[in-house]
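All remarks here apply to the structure that follows.
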Amino acid sequence: MRVTWSGGELTFRLDPEDEITGRAADDHPVKLATNSCSIGGVPADAHPDLFAVAAWTIVAPWTRRRITFDRAVSAEVAGALHDGWGIEAGPVGAEPRRAGNRLAISYSGGADSVAAAAIHPSAPFVHFRRVPHPRVPNRWTHYRSDVLAKLAERTGRELTTVTSDLEFTLAEPRPGYPEHHAVAAGALLLADRMNLGGLGFGYELGSRWLGGDRYLLRFTPDNPMWAPHGAWGRLFAAAGVHIVLPVGGVSEAVTMRLALNSELKDQVRWCLRGTDGPCRTCGKCLYKELIQAAVERRPLDTPVTADRPVARKWLQPPPYGGQEMIEYGLARVPGIERSLFAKALDHFEATEESTSWLDHCYPPAIEEIPEPWRTEAAAFLTSKVGLMTEAEVRQVETWGA
Ligand SMILES: [Zn+2]
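Under numbering that gives the first Met the number 0, the first residue of the sequence shown is numbered 0, with each subsequent residue one higher.
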């Protein structure tokens, strides 16, 4: 793979051994649509390691053996690419970038990132906004990135909005990030200007420790995407921008509660459709409604009926993505046996007691937060959430066993 940056414009050319269908770090197959994209709202100059890591978040799935950058990178970044992916990276010759002092939050406006923001109240936001690609048709016109960007502006936080069409480099499964980390491409290019030493993501307990959507039902201490000692964690650290997961130790029930109790509650929006509010009819709205109803201890309030396509998966047996939260909801939502989740109820014996670990914080997640920001996160999580007991910790570490 050969990559060239011109300001925020990235062009990449595949080497003969590269393939247009590759795999992201979570093993999901991704197909290339086009070999260029742009990132707006970022400075034209930044440390070469930042350009290199930003490019890698986009081209990693399709790169087989080597990557050639248009400017020399540090031996540290080249080493992280070699150790993490077996990739020969060069040319090498830059001094490493020193980590800055500040933490920014990669802010989507969803409950998880709002909760991360609540933990670090002075952290600035970097918001990724999708814009159309000049050469790829947009089949997702209902995705209201403009609405999410406006909500981010109304938070009152220091905000930098990055615009990008990088999701259109992906032909399949649909426009999306080639790697989950591509959401950070703009924040990486801003790291010198913002003096960043860390970037906070809203990935929660399920994504970090319970295998997320795709490694169903498995405890994942060595998660390659989000563990500090994983390939991505080491690569970001080599460029002086540590991956920080403020809510990595708490479930989506906790992030929902923290978000709805935070001063940003009026700006929380997890739905990508809908203009005046969440659409209430998409799969994500349905899943989040189950969690919110459980947190608020009220019956499910949804217009979705069991005959709708988005309800179909709940009529099938598990496993489900985010299964721990399904169990949590089934155990807590009054009248769930008369809802479209009734069939799912047949497969679990979840009780409030058996799911109460999802109300507390997994302590090793706090230990993973880099030192400059650990104290603030630990104080918040200890006082506002509470730590898991030994028995609850075992629930995490035997998940799926
Ligand atoms: Zn929706």
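Just so it is clear, CB atoms sit at the ideal spot from N, CA and C, and this is done for glycine as well.
Here the structure is a predicted model, which means the values were calculated and not measured.
For Cys284, the enclosing alpha helix (DSSP H) starts and ends at 282 to 295. Secondary structure at Thr20: strand, using DSSP grouped into helix, strand and coil.
In this structure, the C-beta of Thr280 approaches ligand 1 to less than 8 Å from one of its heavy atoms. Contact annotation, Leu339 with Trp313: C-beta distance approximately 6 Å; criterion of less than 8 Å satisfied. If you compare the alpha carbons of Gly320, Gln266, Met324, His81 with that of Ala293, the shortest gap goes to Met324. In this structure, the straight-line span from the alpha carbon of Asp300 to that of Leu257 is close to 20 Å. Short of 8 Å from the beta carbon of Gly385, and not among the five residues preceding or following it, lie these beta carbons of its own chain, in chain order: Asp358, His359, Cys360. Contact between Gly40 and Thr162 holds, with the beta-carbon distance rounding to 6 Å and staying under 8 Å. The stretch 45 to 55 and the stretch 188 to 200 touch, with three or more beta-carbon pairs separated by less than 8 Å. At a threshold of 8 Å, Arg331 does not count as near ligand 1, since its beta carbon sits no closer than that to any of the ligand's heavy atoms.
Pro177 counts as buried, since no fewer than 16 other beta carbons sit within 10 angstroms of its beta carbon. Gly199 sits in a strand when the DSSP states are folded into three classes.
Sequence-distant Cβ neighbours of His119 in its own chain, meaning closer than 8 Å and more than five residues away, are Leu102, Ile104, Gly199, Pro245, Trp372, Glu375, Ala376.
The stretch 222 to 234 and the stretch 86 to 95 do not touch, with fewer than three beta-carbon pairs separated by less than 8 Å. Separation of the CB atoms of Ile57 and Leu80 is rounded to 14 Å, and the pair is thereby denied contact status at 8 Å. Closer than 8 Å to some heavy atom of ligand 1: that does not describe the Cβ of Pro47. Taking C-beta atoms under 8 Å as the contact rule, Pro123 and Thr159 qualify, at a distance of about 7 Å.
Contact annotation: Glu75 and Pro95 have beta-carbon atoms nearer than 9 Å. According to the DSSP assignment, Thr56 belongs to the alpha helix (DSSP H) that extends over 47 to 58.
The three-state reading of DSSP puts Ser105 in strand, counting E and B together. For Val76, no beta strand (DSSP E) run applies; the uninterrupted alpha helix (DSSP H) run containing it begins and ends at 74 to 84, by DSSP. Placement of the Cβ of Leu289 at a distance of 8 Å or more from every heavy atom of ligand 1 is found.
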